[in-house]
Amino acid sequence: MPSNRPITPSSLSIKDQPWQIHWDKDKCTLCGSCTAVCPVNAINLDVFRKRKVETSLGLNSSSSSVFKVYHGIRQKTDSAYACVGCAMCTQVCPNDAIMPYKSDEAGKLIFHVNRGGQPRRRGGRRNVAGGLLDQIKFIRISMLTDPALDAGRHEFELRTLLGRVLPPEEGIAHFKEKGWIPPVREIYPLLIGSMSFGALSPPMWEGLQMGVAYLNEELNMPVRICTGEGGCPPRLLRSRFLQYVILQIASGYFGWDEIIHAIPDMKVDPCAIEIKYGQGAKPGDGGLLMWYKVNKLIAAIRGVPAGVSLPSPPTHQTQYSIEESVAKMIQSMSMAWGFRVPVYPKISGTSTALAVLNNLTRNPYAAGLAIDGEDGGTGAAYDVSMNSMGHPIASNLRDCYLDLAAQGKQNEIPLFAGGGIGKTGNLAANAAALIMLGASGVQVGKYIMQAAAGCLGSETDRCNICNIGLCPKGITSQDPRLYRRLNADEVAQRVVDVYLSFDTELKKIVAPLGRSTSLPIGMSDALGINHRDVAERLKIQYVV
Amino acid sequence: MCRLFAMTGDTPISPMVALNALDVMREGHDGSGVGLFLRDLGGPFDDMKNAPILSGIFTKNGIKRLDTFMMNLGFMTKYKISFKLPKNSPQGVPHRDVYLVRAYEYPEEWEGRNFEELGKELMNIRLQLREMGQAEKDMIVFSFWPDVIMIKEIGDPLTVGKYLNLGREDLTARVIMAQGRQNTNYAINLYACHPFFLQGISTMTNGENTAFVPIKEFLKSRDFPGYTGFQSDSEVFTHILHYALKGLGLSIEAYKHIITPLYGTDLETHPDAQLLKQLKQSCRKMIIDGPNCVIGSLPDHSLFMVQDRKKLRPGVVGGHPGQYAFASEICGLDAVIPDRDKSKDFQPMHLDTAIVGPDRQEINICRQTDPLPPLH
Ligand code: SF4
Ligand code: SF4
Chain V
97 MPSNRPITPS
107 SLSIKDQPWQ
117 IHWDKDKCTL
127 CGSCTAVCPV
137 NAINLDVFRK
147 RKVETSLGLN
157 SSSSSVFKVY
167 HGIRQKTDSA
177 YACVGCAMCT
187 QVCPNDAIMP
197 YKSDEAGKLI
207 FHVNRGGQPR
217 RRGGRRNVAG
227 GLLDQIKFIR
237 ISMLTDPALD
247 AGRHEFELRT
257 LLGRVLPPEE
267 GIAHFKEKGW
277 IPPVREIYPL
287 LIGSMSFGAL
297 SPPMWEGLQM
307 GVAYLNEELN
317 MPVRICTGEG
327 GCPPRLLRSR
337 FLQYVILQIA
347 SGYFGWDEII
357 HAIPDMKVDP
367 CAIEIKYGQG
377 AKPGDGGLLM
387 WYKVNKLIAA
397 IRGVPAGVSL
407 PSPPTHQTQY
417 SIEESVAKMI
427 QSMSMAWGFR
437 VPVYPKISGT
447 STALAVLNNL
457 TRNPYAAGLA
467 IDGEDGGTGA
477 AYDVSMNSMG
487 HPIASNLRDC
497 YLDLAAQGKQ
507 NEIPLFAGGG
517 IGKTGNLAAN
527 AAALIMLGAS
537 GVQVGKYIMQ
547 AAAGCLGSET
557 DRCNICNIGL
567 CPKGITSQDP
577 RLYRRLNADE
587 VAQRVVDVYL
597 SFDTELKKIV
607 APLGRSTSLP
617 IGMSDALGIN
627 HRDVAERLKI
637 QYVV
Chain C
3 MCRLFAMTGD
13 TPISPMVALN
23 ALDVMREGHD
33 GSGVGLFLRD
43 LGGPFDDMKN
53 APILSGIFTK
63 NGIKRLDTFM
73 MNLGFMTKYK
83 ISFKLPKNSP
93 QGVPHRDVYL
103 VRAYEYPEEW
113 EGRNFEELGK
123 ELMNIRLQLR
133 EMGQAEKDMI
143 VFSFWPDVIM
153 IKEIGDPLTV
163 GKYLNLGRED
173 LTARVIMAQG
183 RQNTNYAINL
193 YACHPFFLQG
203 ISTMTNGENT
213 AFVPIKEFLK
223 SRDFPGYTGF
233 QSDSEVFTHI
243 LHYALKGLGL
253 SIEAYKHIIT
263 PLYGTDLETH
273 PDAQLLKQLK
283 QSCRKMIIDG
293 PNCVIGSLPD
303 HSLFMVQDRK
313 KLRPGVVGGH
323 PGQYAFASEI
333 CGLDAVIPDR
343 DKSKDFQPMH
353 LDTAIVGPDR
363 QEINICRQTD
373 PLPPLH
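Going down the list, the sequences are from chains V and C. The first sequence maps to residues 97 to 640 in this note's numbering. The second sequence maps to residues 3 to 378 in this note's numbering.
The structure is reproduced here in structure tokens:
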């Protein structure tokens, strides 16, 4: 900033930036790769001044200092161009000459991102690292009273059920009388949660679908993936791969025109229908696809004009009460597929979850309940929703499970938990903890983006620009120049890697607990935590 | 580990035979406790098949309370076994005032009630007594059922048997189950000792049920007063069997499909695949886990043995028509029926239910992949 200019309230120095670029003049060859790759134009080629001492060689002349210019990389300080720490510049630099560093003090940018009166929106998760799930330990180790199982050699039956399970008496009666038995799917307990086509780029979506198909058809792992609220590509709707897909319907009904019209042509039924009432990252707020990402393809699939932002309403507009909302929608969705497809709602974690659950227990068509906790990720949401709204998943899920158990319905309405599972990389341990707290399965999104596609986002607010279509990894961008960085086959390969390693780790957890014949849903005696209040709240053991 | 021995024969025998068999297998239990289940009784009880027999342990005060309680209900004592105990109990066996085995006459007003109703009442009385006893610590009640006697005590099985003089002539049975206990928790609660009993169904287990907590939660929520106790993770095997037979009207062949259901191609290609899938889903919360060998006795006098899904515990069945025994180890079998054709001994594997029916003519092997008997 030149010294004769006025300082505006939002004038910040590099020191005030949350991410600071360190650039090494000696290593830089001024190739321009970093400035070209930076998704937010945070750096540019600039002119710097240097002072040089010129030593005199002659006897009569004295040494002097001269000023010269040189060219280098400069970080912008305007908040509109703030570095997001993605480190793509580092990735492309042939000489390792540039690297973003997290500021050593609280960044000041946060106070100025709302210029123009528009609060910050971003992708990612609540900017709080770590979480409770990592602190839960598995303490009931079988050794002598019960020889431990061998995770590598024994057989394990770790599938779960998605669908309304009849109580045993009714199940047998319906079987004998050839009555209606609600559809139930036997699936793998780790689901890829709802990430829409539109939020994700074409190669990302394709890669996920291919990975899931491979897991099912080559490895006999019944993995399921949810579409999110963005419809489903027409060819997928008419292919056999639809059976691995959970179609989501949300308050914007995006893509449902296409889906409904495709029903007569469907070769197989979808795995299930998820009705989204809420999402952990932005509870009480609708979906959001910002205009940057609504290109022709996305617009066509969603049945909307291109280039406009697509905020879904916070609730389903046609309904006004939970009874009506849940009952009507579940019933009409069930009816659309001849009552052959499980239909379940997904809500964000909330202290009112029990009310929803109790309503579902009375609805014979409700096939389950998915709860997405406060640590859930998103492609776009208001920062404030992400950071401050919502309920932690552990106690929410536990309350629901214990409530079902008190009613004797713990086997009838499967609960699926999501939000922050594998946040610090401990995917299997987090998933197993939730299962033992009562979840029938878990949904993950962000973890898959990180592990299968190399997403850079983190809870230290790194990157997280998924909302504006500039994803430097091509995961959440609709710009072919960006998404061609991502290869669908390689994503598929990584999805398979993730599942295979998860499967081994899950066995490494359940085998020492002496469990192999069924998924240990609600096996709370295996859990312990080094915190008395948490132990009491979750009704697990307090261990120190 | 614990050791199990069970026997069924045309001629009533003394429970000491079973305790001797346990003694032969003593390497597998530490002598910390013993449980006996006798059914299809011989001796004086042979003539009172319908009279409910109360088995338990009482203090002097407990007996008084019991008498008042039963009298008020209108039960009259019909016959009882009096145990004359030596002054001092052997080492490791606690001193008790009264070991009770007493057959009752039903109250008059109960006449005309069908067995279903009687069974319900008998169970409720047993539970009530159990509760009363737990409150005052003066009675422990094991069973209250026609033609069934149960004895449980802490200590080495053979020592306990001799101390109680179980070799007496008036105590014999055609069906006997016995368990020698490996103590896993220092203070032994007799309610945690096998065999477990509920409305004519009894099972005992050698193993550890690692799925205990979810199963317990499920059974508790069935709203059936008999599913209670849960002092041992093996007690739920009895409850699940009861639920399968009485609650769901299934047969013993279906029991294994509930505790360790089939999966994969075995399930897909099973002739009753549709029913089995339905059962597997509906009864998912009753799937057991861990290593377990379960031996059980049914109201029709059949004895059976099933293993966990991986068959991680030993178990063998052998004998000859008219007499069969189930044991944890072959040496236990050898001790009791040495003259059998050993080549016909059968060790049930992960899919098998071995059943010796009431006629005691053969060992029926029911594989899980076999068709199920039709539902009724
Ligand atoms: S770290 Fe990312 S945002 Fe920051 S300068 Fe480098 S490329 Fe640009
Ligand atoms: S790498 Fe892409 S998906 Fe990941 S946080 Fe950045 S913009 Fe979002």
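Here a beta-carbon is modelled for each residue, glycine too, at the ideal position from N, C-alpha and C.
With distance defined between alpha-carbon atoms, name the residue in C:Asp-343, C:Ala-137, C:Ile-254 and C:His-352 nearest to C:Gly-359. Minimum Cα distance to C:Gly-359 is reached at C:Ile-254.
Please state whether the Cβ-Cβ distance between V:Phe-337 and V:Leu-406 is less than 8 Å. Cβ distance not < 8 Å, so V:Phe-337 and V:Leu-406 don't count as in contact.
Okay, do the stretch 633-640 of chain V and the stretch 228-236 of chain V touch, 3+ Cβ pairs below 8 Å being the bar? Taking 8 Å as the limit for Cβ pairs, the verdict is that the stretch 228-236 of chain V does touch the stretch 633-640 of chain V.
Below 8 Å on the Cβ atoms is my guess for V:Gln-344 versus V:Glu-370; work out the distance and round it to an integer in Å. Confirmed, Cβ separation roughly 5 Å.
Starting from the Cα of C:Asn-90, find the closest Cα among C:Leu-131, C:Val-296 and C:Asp-99 and give me that residue. The shortest C-alpha separation from C:Asn-90 is found at C:Asp-99.
Closest to C:Tyr-49 by C-alpha separation, out of C:Gly-58, C:Glu-133 and C:Ala-175, would be which residue? Checking the sequence, you will find Asp at residue 49 of chain C rather than Tyr. Here the closest residue by C-alpha is C:Ala-175.
With 16 other Cβ atoms within 10 Å as the buried cut-off, status of C:Asp-310: With 16 or more other Cβ atoms from the protein chains shown falling within 10 Å of its own Cβ, C:Asp-310 counts as buried.
V:Ser-175 versus V:His-208, V:Gly-553, V:Ser-152 and V:Cys-328, residue with shortest Cα-Cα distance: Measuring C-alpha to C-alpha distances from V:Ser-175 to each of V:His-208, V:Gly-553, V:Ser-152 and V:Cys-328 identifies V:His-208 as the nearest.
Within the chosen definition, does the stretch 565-583 of chain V reach the stretch 276-290 of chain V through at least 3 CB pairs nearer than 8 Å? No contact exists between the stretch 565-583 of chain V and the stretch 276-290 of chain V.
Using 7 Å as the cut-off, classify the Cβ of V:Lys-569 as near or not near the heavy atoms of ligand 2, replying yes or no. Yes, the beta carbon of V:Lys-569 sits closer than 7 Å to at least one heavy atom of ligand 2.
May I have the straight-line CA-CA distance separating C:Gly-121 from C:Pro-263, to the nearest angstrom? Taking the straight line joining both Cα atoms gives about 30 Å.
Terminal residues of the continuous alpha helix (DSSP H) containing V:Tyr-340? Bounds of any alpha helix (DSSP H) do not take in V:Tyr-340, whose DSSP letter is neither H nor E.
In the stretch 501-522 of chain V, which residues sit with their C-beta less than 9 Å from some C-beta in chain C, listed in chain order? The stretch 501-522 of chain V vs chain C, Cβ under 9 Å: Ala-501, Ala-502, Gln-503, Gly-504, Lys-505, Gln-506, Asn-507 and Glu-508.
Using three-state DSSP, classify V:Met-532 as helix, strand or coil. DSSP places V:Met-532 in the helix class (H, G or I) of the three-state scheme.
Starting from C:Phe-117, follow the alpha helix (DSSP H) in both directions and report where the run begins and ends. Its alpha helix (DSSP H) spans residues 117-138.
Any chain C beta carbon closer than 8 Å to V:Ser-238: For V:Ser-238, the nearest beta carbon of chain C is closer than 8 Å to its own beta carbon.
Run through the DSSP bridge pairs and tell me what C:Val-150 is partnered with. Beta-bridge pairing by DSSP links C:Val-150 to C:Arg-41.
Going along the chain, which residues of the stretch 581-615 of chain V sit with their C-beta nearer than 7 Å to a C-beta in chain C? Closer than 7 Å at the C-beta level to chain C, one finds these residues of the stretch 581-615 of chain V: Leu-609, Gly-610, Arg-611, Ser-612, Thr-613 and Ser-614.
With DSSP run on the structure shown, which of helix, strand or coil describes C:His-322? Note: C:His-322 maps to strand in three-state DSSP.
Coil, strand or helix - C:His-378 by DSSP: C:His-378: coil per DSSP, three-state reduction.
Less than 7 Å between the CB of V:Gly-181 and some heavy atom of ligand 1, yes or no? Indeed, a heavy atom of ligand 1 lies less than 7 Å from the Cβ.
Considering only residues of the same chain and omitting the five flanking positions on each side of C:Lys-346, which have a CB-CB separation below 7 Å? The answer, listed in chain order, is Gly-320.
Determine the chain V residues that contact C:Lys-312 at a beta-carbon separation under 9 Å, and present them in chain order. Within chain V, the residues placing a beta-carbon under 9 Å from that of C:Lys-312 are Leu-245, His-250, Glu-251, Ser-612 and Thr-613, ordered along the chain.
Relative to the alpha-carbon of V:Val-224, which residue among V:Arg-331, V:Leu-262 and V:Gly-473 has its alpha-carbon at the smallest distance? With distances taken between Cα atoms, V:Val-224 lies closest to V:Gly-473.
Run of the beta strand (DSSP E) containing V:Lys-146, from where it starts to where it stops: 139-150 is the extent of the beta strand (DSSP E) around V:Lys-146.
Quick test of your reading: C:Phe-5 and C:Leu-24, contact by CB under 8 Å. State the CB separation rounded to the nearest angstrom. The displayed chain sequence assigns Arg, not Phe, to residue 5 of chain C. About 6 Å separates the two Cβ atoms, so the contact holds.
C:His-241: first and last residue of the uninterrupted alpha helix (DSSP H) it sits in: It spans 237-244 - the alpha helix (DSSP H) in which C:His-241 sits, taken as one unbroken run.
Between which two residues does the alpha helix (DSSP H) harbouring C:Tyr-165 extend? Per DSSP, C:Tyr-165 is one residue of the alpha helix (DSSP H) stretching across 159-165.
Using a threshold of 7 Å, is the CB atom of V:Gly-553 nearer than that to any non-hydrogen atom of ligand 2? Yes, ligand 2 has a heavy atom inside 7 Å of this Cβ.
Please report the Cβ distance between C:Val-36 and C:Lys-164, rounded to the nearest whole angstrom; I am assuming they are in contact, meaning their Cβ atoms lie under 8 Å. Their Cβ separation, rounded to whole angstroms, is 11 Å, which puts C:Val-36 and C:Lys-164 out of contact at 8 Å.
Can you tell which of V:Gly-275, V:Asn-391 and V:Gly-382 has its C-alpha closest to the C-alpha of V:Thr-572? Closest option to V:Thr-572, Cα to Cα, is V:Asn-391.
Against chain C, does V:Pro-135 count as a neighbour if the rule is that its beta carbon must be under 8 Å from one of theirs? Output row for V:Pro-135: interface = no.
Please determine whether the Cβ atom of V:Met-431 lies at a distance below 7 Å from any heavy atom of ligand 2. No, since every heavy atom of ligand 2 falls outside the 7 Å radius drawn around the Cβ of V:Met-431.
Within the present structure, is the beta-carbon of V:Ile-139 separated from the nearest heavy atom of ligand 1 by less than 7 Å? At least one heavy atom of ligand 1 is found less than 7 Å from the C-beta of V:Ile-139.
What in chain C is Cβ-close to V:Ile-617, meaning under 9 Å? The contacting residues are Pro-216, Arg-286 and Lys-287.
Residue from C:Ala-329, C:Pro-216 and C:Pro-340 with nearest C-alpha to V:Ala-502: Comparing Cα-Cα distances from V:Ala-502 to each of C:Ala-329, C:Pro-216 and C:Pro-340, the minimum goes to C:Pro-216.
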